[in-house]
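Residue numbers (this note's numbering): 741 to 1047.
Glycine is no exception: its CB is placed at the ideal position from the N, C-alpha and C atoms.
The structure presented is a predicted model; accordingly, all values stated were derived computationally and were not measured.
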């Protein structure tokens, strides 16, 4: 089965689940009567279903149109917003190997496969941009306080630069795979929110937290694996909140806190395994709230650098 068929099948399951969620949230008592579906709610449900049909299409243009339609619906439909977001995130969790099972190695097939991958990359980029645009403080419609579940997704880039993670927003990358590209959080604000990379694998690319401000909330890298790539906290301001690297493995790549200020946030590296990757706190401006490490009975790891 081609991956687009898998997308359509999986989205069908999500539609059923989301439909029950919408029915629950759409229920209203009106006077002495229970109104399960008003005419407006029925129209919105129909728009929701049509948008998902487009997202399951073999045409990249149709898939992007479906994404736009779902985003517009989420903007105007507070009670169905989380269901719309769940479908957008579900799309990103579906495997990306478009056409691999039908390629016969010929030039024509390989060219078609290449086009398919480029088109799919564009579609996935559209989903990530849509999410990020709605998390800016100046967005006309803000999706703060929602849950964005990208558990197990394979990602090669995305921009959340300048975003405000506030109001209980949860962005979940549990067990996700980052093999290249840049996930950019530079210049963002984290307050009363959760960004969860627990169990994620970093084998290449960059996760950029430079110039971010942490004034509350939780950033979780617990039990993650850094085998390559770069996690950049340079010039970040840690006022409050928690950054949790406990139980993580650093066998390659690097994490830098250069020129950052550790004035209040709690940073936890306990139970972490340092097996070749670099964790660098040199050049930190303020070390009033140092990170927590285990006692290194046999000496500090060679590539763990402290001020």
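Residue burial is scored here from C-beta neighbours: residue 1028 has fewer than 16 other C-beta atoms within 10 angstroms and is therefore classed as exposed.
Distance from the CA atom of residue 967 to the CA atom of residue 977, rounded to whole angstroms, is 26 angstroms. Bridge partners of residue 953 according to DSSP: 929, 977. In the three-state reduction of the DSSP assignment, residue 809 falls in the helix class. Here the alpha carbon of residue 911 sits roughly 20 angstroms from the alpha carbon of residue 970. Between the alpha carbons of residue 935 and residue 794 lies a distance of about 30 angstroms.
Taken in chain order, the complete beta strand (DSSP E) segments of 3 residues or longer contained in the region 969 to 1016 are 977 to 984, 994 to 996, 1006 to 1008. A Cβ-Cβ distance of about 19 angstroms is found for the pair residue 961 and residue 975, leaving them out of contact under the 8 angstroms criterion. Residue environment for residue 868: buried (at least 16 other C-beta atoms within 10 angstroms of its C-beta). According to the DSSP assignment, residue 911 belongs to the beta strand (DSSP E) that extends over 910 to 912.
Using a Cβ distance threshold of 9 angstroms, residue 923 and residue 898 count as a contacting pair.
Distance check between residue 927 and each of 953, 913, 919, 907 places 953 closest, using alpha-carbon atoms only.
A residue is called buried once 16 or more other Cβ atoms fall within 10 Å of its Cβ, and residue 972 is buried on that count. Taking a C-beta distance under 9 angstroms as the contact criterion, residue 833 and residue 872 do not qualify as a contact pair. The distance from the Cβ of residue 804 to that of residue 863 is about 6 angstroms, consistent with a contact at the 8 angstroms cut-off. Going by DSSP, residue 826 is part of no beta strand (DSSP E) but of the alpha helix (DSSP H) stretching over 821 to 833.
Residue range 1018 to 1020 is occupied by the beta strand (DSSP E) that includes residue 1019.
For residue 1026, the closest of 921, 997, 829 by C-alpha to C-alpha distance is 997. The three-state reading of DSSP puts residue 943 in strand, counting E and B together. For residue 815, the three-state secondary structure derived from DSSP is helix.
When DSSP reads this structure, residue 872 sits in no beta bridge, so it has no partner. Between residue 1012 and residue 964, the alpha-carbon positions lie close to 9 angstroms from each other.
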